[in-house]
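Enquirer: Encoded as structure tokens, here's the structure I'll be asking about.
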Amino acid sequence: MRASNGAQKNHEHVNPSRPREYWDYESHVIEWGNIDDYQLVRKFERGKYSEVFEGVKITTATTDAIFSNDSTLNLRHR
């Protein structure tokens, strides 16, 4: 179902009013980190090319998302 012209007009101002980081996915740089201090807790998701796990940093008990692709694990800081 397509949005009506009224809905398009109501939302056409959203991206220009937000910072570039909100809508410019092409230039977003993901900060990867070292996972040596993390313990995997559970699997969140599994996609066609990757899996996402919940990891807990042992030294601080904080949680982060850990991505797996091509048999490697990568930490993505939030």
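So that you can map any letter, position 7 of the sequence shown is 17 in the working numbering, and since no number is skipped, the others follow by simple counting. Using N, Cα and C, we set each Cβ at its ideal position, and we do this for glycine too.
#1: Give the straight-line distance between the Cα atoms of residue 79 and residue 63, rounded to the nearest whole angstrom.
#2: With H, G and I counted as helix, E and B as strand and the rest as coil, what does DSSP make of residue 20?
#3: Using CA atoms only, rank isn't needed, just tell me which of 84, 31, 66, 59 is closest to residue 49.
#4: Classify residue 76 as buried or exposed, calling it buried when 16 or more other Cβ atoms lie within 10 Å of its own Cβ.
#5: Within the continuous beta strand (DSSP E) that includes residue 48, where are the two ends?
Expert: Working from what's here:
#1: C-alpha of residue 79 to C-alpha of residue 63: approximately 11 Å in a straight line.
#2: It is helical.
#3: The residue from 84, 31, 66, 59 with its alpha-carbon nearest to that of residue 49 is 66.
#4: So residue 76 counts as buried.
#5: First-last of the beta strand (DSSP E) with residue 48: 48-56.
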